[in-house]
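Novice:
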Amino acid sequence: MNTKLFLSIFYAACILAFIGGCAPISTQDSVIPRIAATPQDSDTSRSIVRQAEQMVIRAQSADPQRRDNLLLDAAILFAQAGDIANSRETLDFISADNLGETLFIEYSLLGLELDIASHAHTAAQQWSMQPRLVALRSSLGTNFSRRILSLESELNYAMGDLETSIDKLIQLGESFNERKTLGQNSIGLIHDKIWRQLNELPFHRLQKTQPGDRDTLTGWYELAAAVRYQQGDPAAQKSRFAIWQQRWRDHPGAKKPPSALTDRIQGRAPKNIALLLPLQDEYEIPSNTLLNGFMSGYYQKLARGSDVPNVSIFDTSALPVTDVYNQAVESGAQLVIGPMRQSQVETLLSKLVLDVPTMTLNRVDRSVENAPQNLIQFGLSAIDEVEQIANRAWFEGRTNVLLIAPDSGWGQRATDYFINSWTTRGGLVTGAISYPSTVKDFTKLLKEPLEIDLSEQRGLEMRRYINSSLSYTARRRNDIDLVVVLGYSEKVRQIKPSLDFLYAGDIPVYATSHIYNGTQQIELNRDLSGIEFSAMNWTLDGHMPRPLQPDQRLPTAYRQLYALGYDAFILHAMLGEMNKPNAIPVFASTGMLTLSEGVIKRHGNWAVFKKGKAAPAKP
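Heads up: the sequence shown begins at 0 in numbering that gives the first Met the number 0, then just goes up one per residue.
#1: Note down, in chain order, each residue of its chain lying with its Cβ closer than 6 Å to the Cβ of residue 566, except the 5 sequence neighbours on either side.
#2: If you follow the alpha helix (DSSP H) that residue 423 is in, where does it begin and where does it stop?
#3: Just to confirm before moving on: does the CB-CB distance between residue 361 and residue 341 stay below 7 Å?
#4: Expressed to the nearest angstrom, what Euclidean distance is found between the alpha-carbon atoms of residue 237 and residue 258?
#5: Residues in the same chain with beta-carbon distance under 7 Å from residue 168, minus the five sequence neighbours each way, listed in chain order, please.
#6: Put residue 125 into one of helix, strand or coil per three-state DSSP.
#7: Can we say the segment 100 to 118 touches the segment 67 to 75, given the rule of at least three CB pairs closer than 8 Å?
#8: Report buried or exposed for residue 494, applying the criterion of at least 16 other Cβ atoms within 10 angstroms of its Cβ.
#9: By DSSP, does residue 618 sit in helix, in strand, or in coil?
#10: Using the three-state DSSP reduction, which class does residue 441 fall into: helix, strand or coil?
#11: Going by beta-carbon coordinates alone, are residue 625 and residue 120 separated by less than 7 Å?
#12: Please state whether the Cβ-Cβ distance between residue 397 and residue 481 is less than 7 Å.
#13: Would residue 164 be called buried (16 or more neighbouring beta carbons within 10 Å of its own) or exposed?
#14: Inspect the beta-carbon positions of residue 401 and residue 479 and report whether they are closer than 7 Å.
#15: Residue range of the alpha helix (DSSP H) that residue 85 falls in?
#16: On the CB-based measure, 16 or more other CB atoms within 10 Å of its CB, does residue 317 come out buried or exposed?
#17: Quick one: residues in its chain with C-beta nearer than 6 Å to the C-beta of residue 250, no 5 flanking neighbours on either side, listed in chain order?
#18: Would you report the Cα separation of residue 308 and residue 326, rounded to the nearest angstrom?
#19: Which one or two residues does DSSP pair with residue 537 in a beta bridge?
#20: Check this for me: beta carbons of residue 561 and residue 544, under 7 Å apart or not?
#21: What does DSSP give as the partner residues of residue 350 in its beta bridges?
#22: Look at the alpha carbon of residue 576 and the alpha carbon of residue 376, and state the distance between them as a whole number of angstroms.
#23: Relative to the alpha-carbon of residue 524, which residue among 614, 443, 502 has its alpha-carbon at the smallest distance?
#24: CB-CB under 6 Å to residue 358, same chain, minus the five flanking residues each way: which ones, in chain order?
#25: In the DSSP output, which residue or residues are listed as bridge partners for residue 605?
#26: Between the beta-carbon of residue 94 and the beta-carbon of residue 67, is there less than 7 Å?
#27: Check whether the Cβ atoms of residue 564 and residue 289 sit closer than 7 Å, and answer yes or no.
#28: Given a threshold of 16 other Cβ atoms within 10 Å of its Cβ, counted over all protein chains shown, does residue 491 qualify as buried or as exposed?
#29: For residue 230 versus residue 569, is the C-beta spacing smaller than 7 Å?
#30: Might you give, ordered along the chain, the residues of its own chain that have their beta carbon closer than 8 Å to the beta carbon of residue 267, omitting 5 neighbours on each side?
#31: Quick check on residue 553: does DSSP put it in helix, strand or coil?
#32: Using the rule of at least 16 other Cβ atoms within 10 Å of the residue's Cβ for burial, across every protein chain shown, is residue 408 buried or exposed?
#33: Nearest-angstrom Cα distance between residue 183 and residue 175?
#34: Give the DSSP-derived three-state secondary structure of residue 309 in the structure shown.
#35: Could you give the residue range of the alpha helix (DSSP H) that holds residue 223?
Here it is, written out as structure tokens:
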């Protein structure tokens, strides 16, 4: 609701007779979050909005205290209808000094919720820090205390402070009585949330515990680290959990384990796996690189004394992929991993039925209707990272983006996807630069989209007509608020200095994982300083329980294939669990992995180059 509309409703006295019998919603006894967790159906939403608008009109003739009580009721109703903008505007008209203690708490918590929903995290912090609310916290009832803890946890999570978020959730869980049914259900949901957030933490952040630590948070960390270390091995995870449960028998998580953990440790790994790879000609090196990553996971599991599957390798270089697939199934494969070539993935996608569960090692960059039920696509598509960049940029309030990408096949697909995603949101792509692999001078390539050439021309004209000795400094266009760069480090090391030279060094630059190969080449990467990027977990120190060790001589693309192979092995025992409704992301080497509609999607951890060194960045 804009201000003009608000005032028109507020002063529409002619409608008062119509709403005379409408009663305000009671805020006194309501302590649940106000914003609808799921969208209301259109009829219900419109009905709630009409009630809210009627309360706004009633408020115009009320005394100041009654006026603000009615406006708060209206703001709550707008939020319940999912109308965050109208709820926010209505809240802004309220004088908090006119509210009693209970209603002031409702007012503050609604404001906190609205700002969290709008990703206005700094503003959200201010709500919880109000002196009056801080003074009231010690006297709050249980329900209000729970609601504040829940919202603060959500805010901490949104701001990337997972440790504090988890601590708030622990406090929230402790407020429920485990002997009551409501308490058991609530504790179960809270533990599921704790477990989900623990699974997003890098491994080194799960190892903060000290010998002898016995607090609840320490117990959760210890459990998460133990399970993460045995990832891809349900039997070993089950054993580790039993040992932990004995050591921490009084821990809330021992009494009420997270449902996703229970699902994970009860998983069954297939005993016979067929690996389909093109092992000849131009695919020989990439296929063997991926195979080496796969087998590194295999031998790690073998070294721990765990059972490993029988792995049969089938070459897809010469025969039609359907023939090779049938051979694999006939040989007794319970799971097929592959193929790797995108054209062969397309062939399997066209089949009506696949005989056994199948996880490809590539994916198509489009939605697929009527895909075989047993087929899961897994690959290194840049689309996931491009979408992640678009989401981050939009939440940060960016609007005008300059896109720079290679003229390769993947670069063009990523460019098309970003432009579509960005413009659909309402953003503007000020320029989309496609550079060839042979480019030597990015300065020439970037002058036009930055409008440096126009600025230089204006300078020439000024010197021509005013004063030939006039000093003039060219300027770039000033409406670009983000540069998105796609490409490998060799090219991006040229692009970033070119941007600096062309007076664009102050514009934030986002990139995909392609710019970092996991080796800290500080002097070489100084030209990348300031760039934020979606990083694969294996490239960041301490993120994985065991470091991946691809051949240092391999180019970045091949080293990423090694990580893909490693993850493929880890996932072979987790596919059934990933398909369940309560499944949590898998913290894998290529990113946080989730399975949706037959596609495993990757979400990288944000990193930034500082003085040539790659380091984790704020989410």
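C-beta atoms are modelled at their ideal positions from N, C-alpha and C, and glycine is treated no differently. Computed from a prediction, not measured in an experiment: that's the story for all the values here.
Specialist: Short version:
#1: Result list for residue 566: 587, 588, 589, in chain order.
#2: From DSSP, the alpha helix (DSSP H) with residue 423 extends over 408 to 424.
#3: Yes, the pair counts as a contact, with Cβ atoms nearer than the cut-off.
#4: If I take the Cα positions, the gap works out to 13 Å.
#5: For residue 168, where only same-chain residues beyond five positions count, the Cβ hits under 7 Å are 152, 189, 192, 193.
#6: DSSP places residue 125 in helix when its eight states are reduced to three.
#7: Short answer: they touch.
#8: Per the 10 Å Cβ criterion, buried.
#9: In the three-state scheme derived from DSSP, where H, G and I count as helix and E and B as strand, residue 618 is classed as coil.
#10: Helix.
#11: Any answer about residue 625 is impossible in this case: the structure gives the chain only from 0 up to 618.
#12: Between residue 397 and residue 481, the CB-CB gap stays under 7 Å.
#13: Buried.
#14: Closer than 7 Å, so yes.
#15: First-last of the alpha helix (DSSP H) with residue 85: 83 to 91.
#16: Flag for residue 317 reads exposed.
#17: Here the set comprises 218.
#18: Here the alpha carbon of residue 308 sits roughly 18 Å from the alpha carbon of residue 326.
#19: Answer is none; residue 537 lacks a bridge partner.
#20: Not in contact: residue 561 and residue 544 (Cβ atoms no closer than 7 Å).
#21: DSSP lists no partner for residue 350.
#22: One C-alpha to the other measures close to 16 Å.
#23: Minimum Cα distance to residue 524 is reached at 614.
#24: Sequence-distant Cβ neighbours of residue 358 in its own chain, meaning closer than 6 Å and more than five residues away, are 336, 375, 377.
#25: The partner list for residue 605 (beta bridge, DSSP) reads 533.
#26: A contact, by the Cβ cut-off of 7 Å.
#27: Going by C-beta atoms, residue 564 is nearer than 7 Å to residue 289.
#28: Result: buried.
#29: The Cβ atoms of residue 230 and residue 569 sit closer than 7 Å to each other.
#30: The beta carbon of residue 267 is closer than 8 Å to those of 233, 572, 575 in its chain, skipping five residues each way along the sequence.
#31: In the three-state reduction of the DSSP assignment, residue 553 falls in the coil class.
#32: Around the CB of residue 408, fewer than 16 other CB atoms lie within 10 Å, so the residue is classed as exposed.
#33: Their backbone Cα atoms lie some 8 Å apart in a straight line.
#34: Of the three classes helix, strand and coil, the one that applies to residue 309 here is strand, per DSSP.
#35: Where residue 223 is concerned, the enclosing alpha helix (DSSP H) starts and stops at 215 to 228.
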